[in-house]
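Chains as they are written, first to last, in our numbering: chain A, 1 to 583; chain B, 584 to 870.
All residues carry an ideal CB built from backbone N, CA and C; glycine is no exception.
Notes for the one structure printed next.
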């Protein structure tokens, strides 16, 4: 991989950290550079520290690392929080005129820029972060003009004067550094003619829902799922759809269920605490054979846990949530672009098999932005499969001898015909009670078994018809096998690259299908070491795979609330390879 | 919509298992007649039923229907109606479903003013679980779980509705078939959330709020010269705990349903077979 640059801006919440970071990320993207961003919320000290970090290269970047090259520090704490990642080639941009005396580590170059004064010269102190961006351009050899388009995008709505002031602020920052410093740190950001788009996992997921035909979304605000609702609001209406902010998650999932019964593609999204409430309705969705996509953007639990922190702790909830036995699909996208594709697939699975689909993402993916060539989201490849939706002409063949529609007909593949309101002679009731083919309550032992079996058969049919494969990286013949699910894929791929350079070969399997999931027995047998990587304490996925393959695995678990980074993952994998397999 | 629909078309071939004499028979008959009378047919009607004796209504009627989770019938009905403005939605449930486990949803459904009808089959008792206090039970009503009565005032559903910004509040009695049907028809025809609380006596577990009690105590607001468009008059009726009423208590003639507030006109079930033509615009937003 070409050389990467790691840049960050940090300060107090409310300092405009996110929007400043986003402007720089967009500028880099427009300059044809790849970008991977992350948001940092400190866990060691209580308070409002927040940082926006960018890793950029002309090659694809898909993880954070533990090295920081350029830091814009609006507070001393920003420096303290990042000391471990700074090195002797790093530079810290700070404002020496501010009330705090910046304590810059001696091995790091301090670049004192009067951010506030220069911003005032450009038209207002509020633009001090933009001055800092200009200063960063000077240090990194990045043309300040690349900021212009991002500034226009960010401030265009506020009038051309504001935009021009911001452009001036950036130039003043750049000029100040050029005039006062001769740093010689050697940074010189290459640009390319490539076009990239920059988006996060929730945006990709929302976009996937829109193009898959989702027209109804009901949700209750909760971090980190809310941004899906915010993305859809204002866009879904363009396609005749609607977003409802429900009074709670109990209502949200039932509204979505109602919409799906009415024939729309419907979705709700929440995080762990909301999934707890929605669990009440899982069984009804499955028993009434309603196609519904239920998204869980996981955050740290249990209970209120660490609401703005990363965790993959809801796997068991997605797999087993709800009393009784609830047939379902559980799909967990492994990257930001896959959030788009797996959402489309989730809608198709829901309608083809008239079964709840749990789409499981996580906080790290939801807030992380990454660059992609626009054709990654090839709209011509989007397929909408509505399954056994019947129209007027088909209804008759599904009526029983008394003319009643067999909405829960026991078919070979388990999937019944689906009539939606308005279809003549298709009227029927569906229910959470055990029922017969026409939806009437029953406790008849034979019918009970028939209906349980037909609902479960749908998942088995899908196992045969669909390709529930893993994504594979690295050396297929390597002795060491690393398996992961969800958003760890990017960090794993980068760890794989760096370990390869050290002569450590790995085979990496990234599994987006949790249920049904690929059978890894042969892969486990072919490997000498199997390591399962996940962001939780108990190894929920590792437990599943041990159960599937009857093989003990080694585990790498992280539950600090911070996602894996490629460097630490490489170290941990190396260490695990020398450990004994647990008994 | 066919004009020759009869109310029996809304009746399924399933014989109700309600106790003989249950008020729910009359409640359901009035619903079916009102649906037929307002020009609906089973294929364009969606009934959402709650849990409890009342929840069985989805089985005994013939239409598109969902019998859901306890207390969540209103959210389901909301989802159906917002997705399909062309479908007539009627939500039916008991007093426990609506005013206890589902009370939160009731308040917000009223606020949203989605154009659907909500029938509460109020028998002031939990019948299916064999006789426990309900949220509308009297404070001294003795039951297996409240041997000396609940010792708390019953919920006043109409007051709750009015306080939440209701645009249609009515009360009917299952045994007064003509008036009951007429009131439900008015609720269906109301452009907004039509709430009808129906006294639907439980003959097995409630020996206080009986047919005789309601027959003797009910005042018909229509005969009484009550003007349902008069908010203050409605408030007086609703807050008078000493009397039982039937009739339309309040109707906001200027009701603007959710559909119009949000400009919803589309049939959301109708979607293209692939991504929409302008879908790449969504990607370009991220440049």
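Chain B places a beta carbon closer than 8 Å to that of residue 420 (chain A), counting this residue as a contact. Taking a contact as a CB-CB distance under 8 Å, the pair residue 854 (chain B) and residue 215 (chain A) counts as one, their CB atoms being some 7 Å apart. For residue 857 (chain B), the secondary structure class from DSSP, reduced to helix, strand or coil, is strand. In terms of Cβ geometry, residue 602 (chain B) and residue 706 (chain B) do not form a close pair [threshold 8 Å]. In this structure residue 778 (chain B) is not in contact with residue 742 (chain B), their Cβ atoms being roughly 12 Å apart against a cut-off of 8 Å. Taking 8 Å as the CB threshold, residue 247 (chain A) lines the interface with chain B. Contact between residue 621 (chain B) and residue 771 (chain B) holds: CB atoms are separated by about 5 Å, below the 8 Å threshold. Of the other Cβ atoms in all chains shown, 16 or more fall within 10 Å of the Cβ of residue 28 (chain A); this residue is therefore buried. For residue 567 (chain A), the uninterrupted alpha helix (DSSP H) segment begins and ends at 566 to 577. Taking all protein chains shown into account, residue 540 (chain A) has 16 or more neighbouring C-beta atoms within 10 Å of its C-beta and is therefore buried. In the structure shown, the three-state DSSP call for residue 487 (chain A) is helix. Here residue 356 (chain A) carries a strand assignment [DSSP, helix/strand/coil].
By alpha-carbon distance to residue 9 (chain A), the top candidate from A:112, A:132 and A:59 is A:132. With respect to chain B, the C-beta atom of residue 244 (chain A) has a partner C-beta closer than 8 Å.
The shortest C-alpha to C-alpha distance from residue 514 (chain A) to any of A:95, A:261 and A:317 is the one to A:317. Residue 822 (chain B) counts as exposed, since fewer than 16 other beta carbons sit within 10 angstroms of its beta carbon. The C-beta distance from residue 57 (chain A) to residue 87 (chain A) rounds to 17 Å, too long to fall under 8 Å, and the pair is not in contact.
Where residue 363 (chain A) is concerned, the enclosing alpha helix (DSSP H) starts and stops at 363 to 367. Contact between the region 364 to 378 of chain A and the region 517 to 532 of chain A is absent: fewer than 3 CB-CB pairs across the two stretches fall below 8 Å. Residue 277 (chain A) and residue 174 (chain A) have their alpha carbons spaced roughly 52 Å apart. For the C-beta of residue 642 (chain B), the chain A residues within less than 7 Å are, from N- to C-terminus, 429, 440 and 441. DSSP places residue 598 (chain B) in the coil class of the three-state scheme, outside both helix and strand. Between the alpha carbons of residue 851 (chain B) and residue 240 (chain A) lies a distance of about 7 Å. Runs of the beta strand (DSSP E) spanning 3 or more residues and lying entirely within the region 732 to 762 of chain B occur at 751 to 756, in chain order.
The beta carbon of residue 374 (chain A) sits closer than 8 Å to some beta carbon of chain B. Shortest Cα-Cα distance from residue 559 (chain A) to any of A:323, A:354, A:309 and A:328 involves A:309. Inclusion of residue 687 (chain B) and residue 637 (chain B) in the CB contact set at 8 Å is not warranted, their separation being larger than that value. In this structure, residue 297 (chain A) keeps its C-beta atom at 8 Å or more from the C-beta atom of residue 200 (chain A). Any Cβ of chain A closer than 8 Å to the Cβ of residue 610 (chain B) would place that residue at the interface, and such an atom is absent. Annotation for residue 275 (chain A): the continuous alpha helix (DSSP H) segment containing it runs 272 to 287.
In the three-state DSSP reduction, residue 7 (chain A) falls in the strand class (E or B). Sequence-distant partners of residue 616 (chain B) (beyond 5 residues in either direction) whose C-beta falls short of 7 Å from its own C-beta, in its chain, are 590 and 764.
Relative to the Cα of residue 323 (chain A), the nearest Cα in the group A:469, A:243, A:432 and A:565 belongs to A:432. In the DSSP assignment, residue 673 (chain B) falls within the beta strand (DSSP E) that extends over 671 to 677. Contact check for residue 246 (chain A) and residue 252 (chain A): beta-carbon distance about 4 Å, within the 8 Å limit, so the pair qualifies. A distance below 8 Å separates the beta carbons of residue 342 (chain A) and residue 331 (chain A).
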